[in-house]
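Notes follow once the structure below has been shown.
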Amino acid sequence: MTDTESQPTRPPSAEEVGALRAARSSTDWIPTVNALLEQGVSKAAIADALEMDRIALHRSLGGV
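Quick note on my numbering: the sequence shown kicks off at 7 and runs consecutively.
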């Protein structure tokens, strides 16, 4: 378990969802996702906000 997985998570705010969706349409969206993970937003909540499959998000972030 990583540090971010052991910390309590929260859903992204409306502003963060907007930033995620805007970043997703560009090639520079992974740093935005990583910043939210560091702030305690869960991968599941990010995937939901991006309307993306959670496994695809995990793989996009370098997971196997």
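All C-beta atoms in this analysis are idealised placements derived from N, C-alpha and C, irrespective of residue type, glycine included.
Have a look at I61 and A55 and give me their C-alpha separation to the nearest angstrom.
For the purposes of this step, residue 61 is identified with residue 55 of the sequence shown, where counting begins at 1. For the purposes of this step, residue 55 is identified with residue 49 of the sequence shown, where counting begins at 1. Taking the straight line joining both Cα atoms gives about 14 Å.
Quick one: using the 10 Å Cβ neighbour count with 16 as the cut-off for buried, is L67 buried or exposed?
One-based indexing of the sequence shown puts residue 67 at position 61. So L67 counts as exposed.
Using the Cα positions of Q30 and D59, report the straight-line distance between them to the nearest angstrom.
As a first step, residue 30 must be located in the sequence shown, where it is residue number 24. As a first step, residue 59 must be located in the sequence shown, where it is residue number 53. It is Arg, not Gln, that sits at residue 30 in the sequence shown. It is roughly 14 Å from the alpha-carbon of R30 to the alpha-carbon of D59.
Specify the secondary structure class of T10 as computed by DSSP and reduced to three states.
Within the sequence shown, numbered from 1, the residue matching residue 10 stands at position 4. Reliability of the predicted coordinates at T10 is poor, the pLDDT of 45 falling under 50, and the value obtained from them is presented with this limitation in mind. In the structure shown, T10 sits in a helix (DSSP, three-state: H, G or I).
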